[in-house]
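Chemist:
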Amino acid sequence: MALHHSLHPIPIKRLLVKLNNDFTLTRSMENGRHGDLEHLRDHINDAAQELDTRRAEALDAIDRAPFSWFHVKVCLVAGTGFFTDAYDIFAINLASVMLGYVYGHTIVSTGPSPRLSANQDFGIKVAAPIGNLFGQLLFGWLADILGRKRMYGIELIIIITATLVQALAGSGRAVNIIGVIAFWRFVMGVGVGGDYPLSAVITSEFASTRLRGRLMTAVFTAQGWGNFAASLVALIVVAAYKDSIVAGGADRVDYCWRILIGLGCVPGAIALYFRLTIPETPRFTMDIDRDVQRAATDIDNVLGPRGNSAGVYWVDPDADAVVQRADAPRRSRSDFMAHFGQWHNLQRLIGVAYSWFAVAFYGLGLNSSAILTSEVLTKAGIGYKIQPGELQSNPTLVMYKTLHNVAEGSLVVSLAGLLPGYYATFFLIDVWGRKPIQFMGFSALTVLLAVIGKTTAYRNSQGSNKTKEFVALYCLANFFTNFGPNVTTFIIPGEIFPTRYRSTAHGIAAASGKLGAIVSQIIFFKVRQSDTKLRAVLGIFAGVSMTGIASTLLLDETMDRSLEELSQEQRGFIRG
Numbered sequence: 001m002a003l004h005h006s007l008h009p010i011p012i013k014r015l016l017v018k019l020n021n022d023f024t025l026t027r028s029m030e031n032g033r034h035g036d037l038e039h040l041r042d043h044i045n046d047a048a049q050e051l052d053t054r055r056a057e058a059l060d061a062i063d064r065a066p067f068s069w070f071h072v073k074v075c076l077v078a079g080t081g082f083f084t085d086a087y088d089i090f091a092i093n094l095a096s097v098m099l100g101y102v103y104g105h106t107i108v109s110t111g112p113s114p115r116l117s118a119n120q121d122f123g124i125k126v127a128a129p130i131g132n133l134f135g136q137l138l139f140g141w142l143a144d145i146l147g148r149k150r151m152y153g154i155e156l157i158i159i160i161t162a163t164l165v166q167a168l169a170g171s172g173r174a175v176n177i178i179g180v181i182a183f184w185r186f187v188m189g190v191g192v193g194g195d196y197p198l199s200a201v202i203t204s205e206f207a208s209t210r211l212r213g214r215l216m217t218a219v220f221t222a223q224g225w226g227n228f229a230a231s232l233v234a235l236i237v238v239a240a241y242k243d244s245i246v247a248g249g250a251d252r253v254d255y256c257w258r259i260l261i262g263l264g265c266v267p268g269a270i271a272l273y274f275r276l277t278i279p280e281t282p283r284f285t286m287d288i289d290r291d292v293q294r295a296a297t298d299i300d301n302v303l304g305p306r307g308n309s310a311g312v313y314w315v316d317p318d319a320d321a322v323v324q325r326a327d328a329p330r331r332s333r334s335d336f337m338a339h340f341g342q343w344h345n346l347q348r349l350i351g352v353a354y355s356w357f358a359v360a361f362y363g364l365g366l367n368s369s370a371i372l373t374s375e376v377l378t379k380a381g382i383g384y385k386i387q388p389g390e391l392q393s394n395p396t397l398v399m400y401k402t403l404h405n406v407a408e409g410s411l412v413v414s415l416a417g418l419l420p421g422y423y424a425t426f427f428l429i430d431v432w433g434r435k436p437i438q439f440m441g442f443s444a445l446t447v448l449l450a451v452i453g454k455t456t457a458y459r460n461s462q463g464s465n466k467t468k469e470f471v472a473l474y475c476l477a478n479f480f481t482n483f484g485p486n487v488t489t490f491i492i493p494g495e496i497f498p499t500r501y502r503s504t505a506h507g508i509a510a511a512s513g514k515l516g517a518i519v520s521q522i523i524f525f526k527v528r529q530s531d532t533k534l535r536a537v538l539g540i541f542a543g544v545s546m547t548g549i550a551s552t553l554l555l556d557e558t559m560d561r562s563l564e565e566l567s568q569e570q571r572g573f574i575r576g
C-alpha cells in the first residue's frame, strides 16, 4: 500500500469512514507525533482493525435486532411489488382467453370461437418471461453498482406504465393489438424481472438472522396473493358483465380484459412512494459505498439506538487527526472472476441457478387454462356445466360460462395449492431450513408430475371421479412447488453471496429460472391441445425436477447463519 510521507493534522468532529473506493478512517493523533513510517503503518493496521471491529458490531446489531415495525414496512413495500408482479404475469392466463374471443381468428369446434392462434397465444405469454430475464440481469447488476435504493422504484414505474398502456392498447391497419400487447408485456417483464433481485436483497440485508427466512418468504408469498387476486378480479368482472356478454358477445368481453389488466396498476401505484423513500441497506453503505459511519447511523435510525454497541462513534472534537486508508475487497471484473473462480463459490452459483431453472412453476401457472380447460373443470364439478347443443343454440352464454369456469378454476388452484404451499414454507423455513424444503419439494414434484403425466387422459374421462383425481393431483403439484423450490430458489441466492455481488448473483439465478420458464412455454406451445404430447411433456418436467434434487445437493444450508458468515466475510474484511 502506498503511503504519503507528508501528513498534516486535520481537526474533525466525528469518525469519518468514506473515500471513493477505499475505506477511510480518521483517528485522532497528537500534533507533531506522526512518527516514522513503521509507526505510521502500525497506526494504519490498528485503524483497519478498529474499523473492521466496528463494521462487525454494526452488522451484529442488524443480525440480532428484534422484529420491529420497520421489518413489517420492508415486507409490505417489497411484498406489494411482488403482488403486482404476480397479478400482471398471471392475469394474462385469463386475459388470453378473453382476447381470443375479441381479436382471435382461429375457429374451433370444441368451444366458443374465435380464439387466439397458437402463435399469438405463445407470443403474449412468453413476452413477459423474456423481459423478466433481461430485467433480472440488468437490475441485479445495477443494484450492486448504483445501490439498492437508487434502483428500487424504477422497476415499479416501468411495470405501472407498461401495464396501463396494455389496458389502453388499440388496433389499426398497420398494427395488430396482440403484437402491441406482447411488446408492452415484454417491457413490463423487464420491470418485473428487476423486482426479483432488488426485493430479495433488500429484505435479506435488513432482516435479522433468525427471522430472515420468514421475512423473505412473506415477501414472496405476495406472489400467491397476486395470482389469487387476478383470478378473483377476473371472476368478479366476468360476473358483473354476465348480462352484457350474453347479450352482446365478444364486444363486451373487450371491456373485461382491459379492466382485468388495468387494475394491476393500483397496488403498484400505492407502493411506489414507499419504494422511492426506503433507505439504503446498511450492508451496501458499508461494503460498497464504504461508509461505516453513515451505515451505523442508518441502523440507529431504522432499528432504534443500541447504546454503544453500534451507531455514531464520536472522537474528541478538538483533537487532531490523520486520514488513513485501509484495504478491503471491492467490486471489479477481476475480483468477480477471482471470487467465482473458486470452485465452492461457483458451485453455489451453479446450484442456485440450475435449481431455479428446474422449477416447473411458470410452465404450469401460465398454462393452467390449457391444462384445466373449462370442460375438465366442469367434469370435476367446478363451474357451470355446458349442456349438449348449447354451443350452437346460445354461443354467447357458452362464452360467459367458459370465462367464468376458467377464472373459478384458477381460483381453486390458488386456494387449494398455491397459497397453502407458501404458508407451509413460511412456518417451516426457519425450523427445517431451506435445503430440506427444496429437496423435499423437488422429490415430491418428480413423483407428482410423473403421475399427472400418466393420468392426463383422465382430463376428458367420462367418470367425474377420475377428473377430480387429475385436478387434485394438479393442485398438489402446485402445493409442493411452493412448499419447495419456488420459494427456496428465491431465498437462497439472496443469502449466500457477498454484498458486492449479492444482487448480481441473485439476478443470474433468477434469469436462469426465467430461461426455464421460456423453455417450458416453448414446449407447451408445441403440444397445444394434445393429450398424448402433454403426457410426454409432464414426464419431461418430472425428469427435470429429479435433476433439481441433484442441484440442491450443491447448496449449503443457510438457516441461522449471518450473511457475512455465509459469504465468509464476517471478520477480517477490512485490512490495513
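Note that UniProt numbering has the sequence shown beginning at 1, numbered continuously upward.
We treat Cβ as the ideally placed atom computed from N, Cα and C, and that holds for glycine.
Where does Thr-84 sit, in a helix, a strand or coil, going by DSSP?
Modeler: As a position in the sequence shown, residue 84 is number 84, starting the count at 1. Note: Thr-84 maps to helix in three-state DSSP.
Chemist: Out of Ile-491, Gly-131, Leu-116, state which residue places its alpha-carbon closest to the alpha-carbon of Gly-202.
Modeler: Sequence index remark: in the sequence shown, residue 202 carries index 202 (1-based). One detail in the question is off: residue 202 reads as Ile in this sequence, not Gly. Residue Ile-491 is the option with its Cα nearest to Ile-202.
Chemist: With distances taken Cα to Cα, identify the nearest neighbour of Val-266 among Gly-513, Phe-442, Arg-561, Ile-160.
Modeler: Walking along the sequence shown from the start, residue 266 turns up at place 266. Answer by Cα proximity: Ile-160.
Chemist: Have a look at Arg-185, Arg-150, Ile-429 and flag the residue whose alpha-carbon is nearest the alpha-carbon of Ala-162.
Modeler: Against the sequence shown, residue 162 aligns to sequence position 162. The shortest Cα separation from Ala-162 among Arg-185, Arg-150, Ile-429 belongs to Arg-185.
Chemist: So, is Tyr-273 buried or exposed, given that buried needs 16 or more other C-beta atoms within 10 angstroms?
Modeler: Stepping through the sequence shown from its first residue, residue 273 is reached at position 273. Classification of Tyr-273: exposed, given that the 10 Å Cβ count is below 16.
Chemist: Quick one: using the 10 Å Cβ neighbour count with 16 as the cut-off for buried, is Lys-526 buried or exposed?
Modeler: Your numbering for residue 526 matches position 526 in the sequence shown. When all chains shown are included, Lys-526 counts as exposed.
Chemist: Along the alpha helix (DSSP H) that carries Ser-244, what are the first and last residues, could you check?
Modeler: Here residue 244 refers to the residue found at position 244 when the sequence shown is read from its first residue. Ser-244 -> alpha helix (DSSP H) spans 242–248.
Chemist: Whether or not the region 510–520 and the region 438–453 are in contact is what I'm after, with contact meaning three or more pairs of Cβ atoms, one per stretch, closer than 8 Å; do they touch?
Modeler: These segments do not touch.
Chemist: Quick one: does the C-beta of Ala-424 sit closer than 6 Å to a heavy atom of the ligand NAP?
Modeler: For the ligand NAP, the structure offers nothing, since it holds no ligand at all.
Chemist: Output yes or no for whether 7 Å exceeds the beta carbon distance between Glu-495 and Thr-547.
Modeler: Locating residue 495 in the sequence shown gives position 495, counting from the first residue. Locating residue 547 in the sequence shown gives position 547, counting from the first residue. No. Outside cutoff.
Chemist: Among residues of its own chain, excluding the 5 on either side of Ile-89, which ones have a beta-carbon nearer than 6 Å to its beta-carbon?
Modeler: Reading the sequence shown from its first residue, position 89 is the one you call residue 89. Excluding sequence neighbours, Ile-89 sits near Ala-128.
Chemist: Would you be able to state if there are at least three C-beta pairs under 8 Å between the region 283–292 and the region 212–228?
Modeler: Because the criterion of three Cβ pairs below 8 Å is not met, the region 212–228 and the region 283–292 do not touch.
Chemist: Just verifying my parser: in three-state terms, what is the DSSP assignment at Thr-558?
Modeler: Along the sequence shown, one-based indexing puts residue 558 at 558. Coil.
Chemist: Tell me which residue opens and which closes the alpha helix (DSSP H) that Gln-438 is part of.
Modeler: Counted from its first residue, the sequence shown places residue 438 at position 438. Per DSSP, Gln-438 belongs to the alpha helix (DSSP H) from 434–454.
Chemist: For my contact list, Phe-483 and Gly-421 are in at a C-beta cut-off of 8 Å; report their separation, rounded to the angstrom.
Modeler: Counting from 1 along the sequence shown, the entry for residue 483 is found at position 483. Counting from 1 along the sequence shown, the entry for residue 421 is found at position 421. Indeed, because the Cβ distance is near 4 Å, the residues count as touching under 8 Å.
Chemist: Around the C-beta of Gly-341, are 16 or more other C-beta atoms found within 10 angstroms, so that it is buried, or is it exposed?
Modeler: The sequence position of residue 341 within the sequence shown is 341, counting from 1. Result: exposed.
Chemist: Grab me the residues of Val-352's own chain with a C-beta within less than 6 Å of its C-beta, minus the 5 sequence neighbours each way, in chain order.
Modeler: For the purposes of this step, residue 352 is identified with residue 352 of the sequence shown, where counting begins at 1. Cβ within range, chain order: Ile-492, Pro-493, Ala-509.
Chemist: Considering only residues of the region 474–518, which uninterrupted alpha helix (DSSP H) runs meet the minimum length of 4 residues and lie entirely inside it, listed in chain order?
Modeler: Counting only runs of 4 or more, we get 485–491.
Chemist: Specify the secondary structure class of Arg-252 as computed by DSSP and reduced to three states.
Modeler: For the purposes of this step, residue 252 is identified with residue 252 of the sequence shown, where counting begins at 1. Three-state result, Arg-252: helix.
Chemist: Which residues mark the beginning and the end of the alpha helix (DSSP H) in which Tyr-273 is found?
Modeler: Position 273 of the sequence shown, counting from 1, holds the residue named residue 273. From DSSP, the alpha helix (DSSP H) with Tyr-273 extends over 265–276.
Chemist: What residue does the alpha helix (DSSP H) around Asn-119 start on, and which one ends it?
Modeler: The residue you call residue 119 lines up with position 119 of the sequence shown. First-last of the alpha helix (DSSP H) with Asn-119: 118–145.
Chemist: Can you list the alpha helix (DSSP H) stretches of 4 or more residues lying completely in the region 179–253, in chain order?
Modeler: Entirely contained in the region 179–253, the alpha helix (DSSP H) runs reaching 4 residues are, in chain order, 212–240, 242–248.
Chemist: Among Gly-433, Gly-409, Leu-99, which one has its Cα closest to the Cα of Leu-232?
Modeler: Residue 232 sits at position 232 when you count from the first residue of the sequence shown. When only C-alpha atoms are compared, the closest one is Gly-409.
Chemist: Could you check whether the region 218–233 touches the region 517–524, counting it as contact only if at least three pairs of C-beta atoms, one from each stretch, sit closer than 8 Å?
Modeler: Segments in contact, no.
Chemist: Is the region 376–394 in contact with the region 72–84, if contact means three or more CB pairs nearer than 8 Å?
Modeler: Judged by Cβ distances under 8 Å, the region 376–394 makes no contact with the region 72–84, as fewer than three pairs qualify.
Chemist: If you reduce the DSSP assignment to three classes, tell me which class Thr-106 lands in.
Modeler: Position 106 of the sequence shown, counted from the first residue, corresponds to residue 106. Thr-106: strand per DSSP, three-state reduction.
Chemist: How far does the alpha helix (DSSP H) with Phe-284 in it extend, from its first residue to its last?
Modeler: Against the sequence shown, residue 284 aligns to sequence position 284. Start and end: 282–287.
Chemist: Determine the direct distance from the alpha carbon of Ile-62 to that of Asp-300, and round the result to whole angstroms.
Modeler: Looking up residue 300 in the sequence shown gives position 300. Looking up residue 62 in the sequence shown gives position 62. Straight-line Cα distance between these residues: approximately 10 Å.
Chemist: Quick one: what's Arg-115 bridged to in DSSP?
Modeler: By 1-based counting over the sequence shown, the position of residue 115 is 115. Thr-106.
Chemist: In angstroms with no decimal places, state the Cα-to-Cα distance between Phe-134 and Val-190.
Modeler: By 1-based counting over the sequence shown, the position of residue 134 is 134. By 1-based counting over the sequence shown, the position of residue 190 is 190. Straight-line Cα distance between these residues: approximately 6 Å.
Chemist: Would you give the residue range spanned by the alpha helix (DSSP H) that Gln-342 belongs to?
Modeler: Along the sequence shown, one-based indexing puts residue 342 at 342. That residue, Gln-342, is in no alpha helix (DSSP H); it is neither H nor E in DSSP.
Chemist: Span of the alpha helix (DSSP H) holding Val-165?
Modeler: As a working note, residue 165 is residue 165 in the sequence shown. 154–167 is the span of the alpha helix (DSSP H), which, as asked, contains Val-165.
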